[in-house]
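J.: One structure, pasted below without further comment.
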Amino acid sequence: MIAFYLNFLFLLHPIYISTSEIILNNNNIEVKIRIFRDDLEDGLRLFHGESISIDTNQKLKKESKKIEAYIKSKFKLTIEKSKINYLMIDLQLINDLVETSFYFKSQLRINKISVKNNILFDVYKIQKNVTLIISENQTKSHIFSFSDREKTFTY
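Numbering (the working numbering), first residue to last: 11 to 165.
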C-alpha cells in the first residue's frame, strides 16, 4: 500500500535529478554524467534557443556538439586550481537516460578537486545533481542544489 502512495506522489510531483560519477585512478580521470532525456531536451532548448529532439541514438549523435557545449558550460572541474578542459568521448541513450562520458589525464597529483555543477538549474529550481567521486580507497559524494552549486573535495 505504501508503494502505491509513493508511486502516486511521483506522478503528482516529478523528480528532477542527474548523477555524475568522477572516477579517479592515479592521474586518470573518467567522468560519467547521466541526465533524463526529456530534462536535457528542456535544458538544450533554453541554452541554444531552439527545440532539440534527442529521443533516438541517431538524433543524439547528430546533436552531440550542442550537448557537449551545454555540459561543458554547466559542469566544470578544477584540479589543484587548474581548470580542466575535457572532450566528450561517448554519448548514449539508455532507456530514458542520456549518458555522457569524458576522460582526461591530469599532469598534477590529485589532492584537491573542485566541482561546479549547474546542470539544469536554469530549467528547474528543484533540480538535484548527485555527484560521486570514486578513488582507489574511498568514495565521496555531494548533492548539488540550486543554492549549493560548488564543492571542493580533498584527498
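From the three backbone atoms N, C-alpha and C, an ideal C-beta is built for every residue, glycine too.
Please classify G53: is it buried, with 16 or more other beta-carbons within 10 angstroms of its beta-carbon, or exposed?
T.: Label assigned to G53: buried.
J.: Taking contact to mean at least 3 C-beta pairs separated by less than 8 Å, is the segment 32–43 in contact with the segment 108–128?
T.: At 8 Å Cβ cutoff, the stretches touch.
J.: Quick check on R47: does DSSP put it in helix, strand or coil?
T.: Residue state, collapsed to three classes: helix.
J.: Just how far apart, CA to CA, sit I77 and I123?
T.: One C-alpha to the other measures close to 24 Å.
J.: So, with DSSP's three-state summary, where would you put F85?
T.: Strand.
J.: Check Q68 in the structure and name its three-state DSSP category.
T.: It is helical.
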